[in-house]
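Position one of the sequence shown corresponds to residue 202 (the numbering used here), numbered consecutively onward.
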Amino acid sequence: MIGTHQNDTLIGNEGNDQITGRQGNDLLIGVNPDSNTPGRGEVDDIWGNRGTDIFVLGDEDSVYYNDGQTNTTGAEDLAVIYDFEPNRDRIQLHGNADDYQLQLSQNQQHTQIFSIANQNQPELIAQIQNHTELVLNSDQFNFV
Numbered sequence: 202m203i204g205t206h207q208n209d210t211l212i213g214n215e216g217n218d219q220i221t222g223r224q225g226n227d228l229l230i231g232v233n234p235d236s237n238t239p240g241r242g243e244v245d246d247i248w249g250n251r252g253t254d255i256f257v258l259g260d261e262d263s264v265y266y267n268d269g270q271t272n273t274t275g276a277e278d279l280a281v282i283y284d285f286e287p288n289r290d291r292i293q294l295h296g297n298a299d300d301y302q303l304q305l306s307q308n309q310q311h312t313q314i315f316s317i318a319n320q321n322q323p324e325l326i327a328q329i330q331n332h333t334e335l336v337l338n339s340d341q342f343n344f345v
């Protein structure tokens with residue numbers, strides 16, 4: 202799915218998606234937010250490109266990309282975010298900063314976002330490519 206040079210809202214379907222925002226200030230949602238299990242069992246690749254973009258990983262009702270199993274890491278369902286610009290773009294998450302944990306990937310080149318609320322083991326919901334300096338309590342994240 203590819204956006205226009207305008208401001209777009211791009212919403213993925215169930216299953217793996219590739220979403221590209223192009224120019225404009227885009228709202229990028231890799232999952233079907235109307236699903237009972239948004240993001241479960243899918244890996245979505247999302248690019249914002251130019252403009253001030255919002256990468257949506259949760260809404261007022263739920264965390265996206267949660268596999269529903271409290272004892273697994275959730276590595277089979279996540280958003281992979283490319284070209285995130287920390288001074289411009291935002292990541293939207295459900296709940297508040299205390300519900301999440303940031304970790305560096307195994308190769309120390311990417312930031313992974315884990316949901317830790319109501320989990321026995323942190324649940325991977327996203328990986329931000331080529332960024333290691335993200336901070337949950339900053340303007341980089343919006344909580345709903």
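Backbone N, C-alpha and C fix where the C-beta goes; we use that ideal spot for every residue, glycine too.
Can you give the beta carbon distance from residue i to residue j, rounded, assuming they're within the 8 Å contact cut?
i: residue 270; j: residue 252; result: In fact, because the Cβ distance is near 36 Å, the residues do not count as touching under 8 Å.
i: residue 326; j: residue 264; result: 6 Å
i: residue 313; j: residue 273; result: Not quite, the Cβ-Cβ distance comes to about 15 Å (not below 8 Å), so this is no contact.
i: residue 255; j: residue 228; result: 5 Å
i: residue 258; j: residue 293; result: 6 Å
i: residue 240; j: residue 231; result: 7 Å
Which term fits residue i, buried or exposed, when burial requires 16 or more other beta carbons within 10 angstroms of its beta carbon?
i: residue 305; result: exposed
i: residue 295; result: buried
i: residue 267; result: buried
i: residue 334; result: exposed
i: residue 345; result: exposed
What residue range is occupied by the uninterrupted beta strand (DSSP E) comprising residue i?
i: residue 316; result: 312 to 316
i: residue 282; result: 279 to 283
i: residue 292; result: 291 to 294
Taking residue i as the reference, give the member of the options with the closest Cα.
i: residue 260; options: 226, 309, 233; result: 233
i: residue 343; options: 289, 210, 330; result: 289
i: residue 310; options: 330, 324, 291; result: 330
i: residue 278; options: 337, 341, 204, 242; result: 242
i: residue 221; options: 298, 214, 205; result: 205
i: residue 226; options: 213, 209, 275, 237; result: 209
- Message: Give the list of continuous beta strand (DSSP E) stretches no shorter than 3 residues that lie fully inside the segment 222 to 272.
- Response: 228 to 230, 244 to 248, 255 to 257
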